[in-house]
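A short write-up of the structure that comes next.
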Amino acid sequence: MAYVVFFTLALLITILSVYLVIENNRRKAREAEKKAFNDRLKVINNNFKLKVAEFVEAKILRPKYAPQINAIVGNFFVVQTHSEENLAQLEKVSELFIYSVTNELNKCRSNGNIDLLAEQLQYFVAELPTAGIAYNRDFYREMLPALIARIQTPDTPAMQQDEDVLDSQKRGDSETSNQQMQAALVKEHAVG
305 MAYVVFFTLA LLITILSVYL VIENNRRKAR EAEKKAFNDR LKVINNNFKL
355 KVAEFVEAKI LRPKYAPQIN AIVGNFFVVQ THSEENLAQL EKVSELFIYS
405 VTNELNKCRS NGNIDLLAEQ LQYFVAELPT AGIAYNRDFY REMLPALIAR
455 IQTPDTPAMQ QDEDVLDSQK RGDSETSNQQ MQAALVKEHA VG
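Quick note, the numbering used here runs 304 ahead of the 1-based positions in the sequence shown.
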């Protein structure tokens with residue numbers, strides 16, 4: 305009988321130690337996942353803030369607007385859960401913003417519309433929510449991509465746009481004077 309009790313006790317100790325090892329490994333795996341998640345979030349935040357600082361240095365964004373734009377990544381998890389899907393959405397939206405503004409900056413450097421891009425970014429900042437709770441799922445999935453799409457400048461240089469407007473006005477004036485002359489000729493033929 306003592307042999308059975310000893311064997312049962314040894315079996316219970318073995319089962320308990322195996323259970324503790326398995327639970328310890330699960331806990332370590334959860335901690336590793338959480339650390340990887342937080343590291344990835346930190347990389348996204350730092351990259352975004354670094355790019356915003358570059359936009360400030362490029363003079364297309366006023367320094368006072370940088371915190372409001374940084375709130376895009378800073379407020380992402382205010383009302384959303386910490387999940388891989390949400391982190392992927394944050395990464396997608398932040399990359400979309402960076403990519404769009406960088407492309408527009410490169411385009412504006414070549415055609416001289418830097419001031420227009422700065423104005424577009426000012427309008428963008430004005431459309432951002434002021435309350436942290438407004439940075440919700442709908443904002444990141446629907447509103448923000450639409451706002452980012454609005455940060456577009458014309459492909460033509462600012463000087464050429466002004467010249468095109470002047471040319472169209474001149475053509476309009478000359479067309480108006482041509483129409484007036486034709487109307488006068490028609491009246492002369494009708495009277496004469």
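Beta carbons: idealized from backbone N, C-alpha and C, even for Gly. A quick note: this is a predicted structure, and the numbers were derived from the prediction, not measured.
Neighbourhood of residue i by C-beta, 6 Å cutoff - its chain only, sequence neighbours within 5 removed
i: PHE401; result: ILE452
i: PHE310; result: none
i: PRO367; result: VAL360
Cβ-based neighbour list, residue i, same chain, cut-off 8 Å, excluding 5 preceding and 5 following
i: PRO449; result: VAL397 and LEU400
i: CYS412; result: ILE364, ILE418, LEU420, LEU421 and THR457
i: LEU313; result: none
i: LEU315; result: none
i: ALA306; result: none
i: LEU432; result: GLN372, ILE373, ALA375, ILE376 and LEU451
i: ALA357; result: ALA370
i: GLU388; result: PHE341
i: GLY378; result: ASN349
Supposed contact pair residue j and residue i - C-beta distance, whole angstroms, cut 8 Å
i: PRO458; j: ASN417; result: 7 Å
i: GLU395; j: ILE348; result: 5 Å
i: ALA362; j: LEU409; result: 6 Å
Within 8 Å, strictly: CB atoms of residue i and residue j
i: VAL405; j: PHE352; result: no
i: VAL383; j: TYR439; result: yes
i: PHE380; j: TYR444; result: yes
i: LEU345; j: LEU391; result: yes
i: VAL429; j: TYR369; result: yes
Cutoff 8 Å: residue i Cβ touching any chain B Cβ
i: VAL356; result: The chain labelled as chain B is not found in the depicted structure, where only one protein chain is given.
Cβ neighbours of residue i in the same chain (closer than 7 Å, five flanking residues each side left out)
i: HIS386; result: PHE341
Ranges of the alpha helix (DSSP H) found wholly within the stretch 341–390, counting only runs of at least 4
370–378
Complete alpha helix (DSSP H) runs within the stretch 393–467 (minimum length 4 residues, chain order)
418–431 and 448–453
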